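Trainee:
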Amino acid sequence: QVRLVESGGGLVQAGGSLRLSCAASVSIFSINVMGWYRQAPGKQRELVAHITSGGETNYADFVKCRFTISRENAKNTEYLQMNSLEQERTDVYYCKAIVITRPYDEYWGHGTKVTVSS
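Going by our numbering, the sequence shown opens with residue 5, and the numbers climb by one from there.
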């Protein structure tokens, strides 16, 4: 079992920055892929970015080079640095971990809310 705890959400003005953290209950060396997803009220959850254990990253098109995903193995933590946040939107950001087993197991955190105000 992998428990994930997100933090760092809050209220920020449009154009501002936030850094989200996701702390894992296990060594993230054992986690093959870690990712961030977001979900707006009434909308489907969507991928923001993910990073593999080898450091390969992938971003959603809407990120447009504004966000950076990273992982700090020594702290078993994944980060999402978000810059130039868009105007007036609220999303819950979720951390996800994928462990390749047979075929794979996936785990989710409970989310952290980000509200961007004008």
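Glycine residues also receive a C-beta, built at the ideal position from the N, C-alpha and C atoms.
Quick caveat: nothing in here was measured; it's all calculated off a predicted structure.
1) To the nearest angstrom, how far is the alpha carbon of Thr61 from that of Arg42?
2) Decide if Ile104 is buried, meaning its Cβ has at least 16 other Cβ atoms within 10 Å, or exposed.
3) Taking only the alpha-carbon atoms, compute the straight-line gap between Leu89 and Thr72 and give it to the nearest angstrom.
4) Can at least three beta-carbon pairs, one atom from the stretch 26 to 42 and one from the stretch 102 to 116, be found at a separation below 8 Å?
5) Which same chain residues end up closer than 7 Å to Gln17 when comparing Cβ atoms and leaving out the 5 residues on each side of it in sequence?
6) So, are the CB atoms of Thr119 and Leu15 less than 8 Å apart?
7) What does the Cβ neighbour count give for Tyr108, buried or exposed, with the cut at 16 atoms within 10 Å?
8) For Ser57, which residues of its own chain have a beta-carbon under 6 Å away from its beta-carbon, when the five flanking residues on both sides are left out?
9) Specify, as a first and last residue, the run of the beta strand (DSSP E) that Gly1 falls within.
10) Starting from Ala101, follow the beta strand (DSSP E) in both directions and report where the run begins and ends.
Mentor: In terms of the structure at hand:
1) Reading the sequence shown from its first residue, position 57 is the one you call residue 61. Reading the sequence shown from its first residue, position 38 is the one you call residue 42. Whole-angstrom Cα-Cα distance: 17 Å.
2) Taking the sequence shown and counting its residues from 1, one reaches residue 104 at position 100. By the 10 Å Cβ count, Ile104 comes out exposed.
3) What you label residue 89 is simply residue 85 of the sequence shown in a count that begins at 1. What you label residue 72 is simply residue 68 of the sequence shown in a count that begins at 1. Taking the straight line from one Cα to the other gives about 13 Å.
4) In this structure the stretch 26 to 42 touches the stretch 102 to 116; the number of beta carbon pairs closer than 8 Å is three or more.
5) Sequence index remark: in the sequence shown, residue 17 carries index 13 (1-based). Counting only Cβ-Cβ distances below 7 Å, and skipping sequence neighbours, we find Ser121.
6) Here the question's residue 119 lines up with position 115 in the sequence shown. Here the question's residue 15 lines up with position 11 in the sequence shown. For Thr119 and Leu15, yes; Cβs fall inside 8 Å.
7) Working through the sequence shown from its first residue, we reach residue 108 at position 104. Tyr108 should be labelled exposed.
8) By 1-based counting over the sequence shown, the position of residue 57 is 53. Within the same chain, Asn36 come within 6 Å of Ser57 by CB-CB distance, once the 5 residues on both sides are set aside.
9) Nothing about residue 1 can be read from this structure; the chain reaches only from 5 to 122.
10) The residue labelled residue 101 in the question sits at position 97 within the sequence shown. Boundaries of the beta strand (DSSP E) harbouring Ala101: 93 to 104, taken from the DSSP string.
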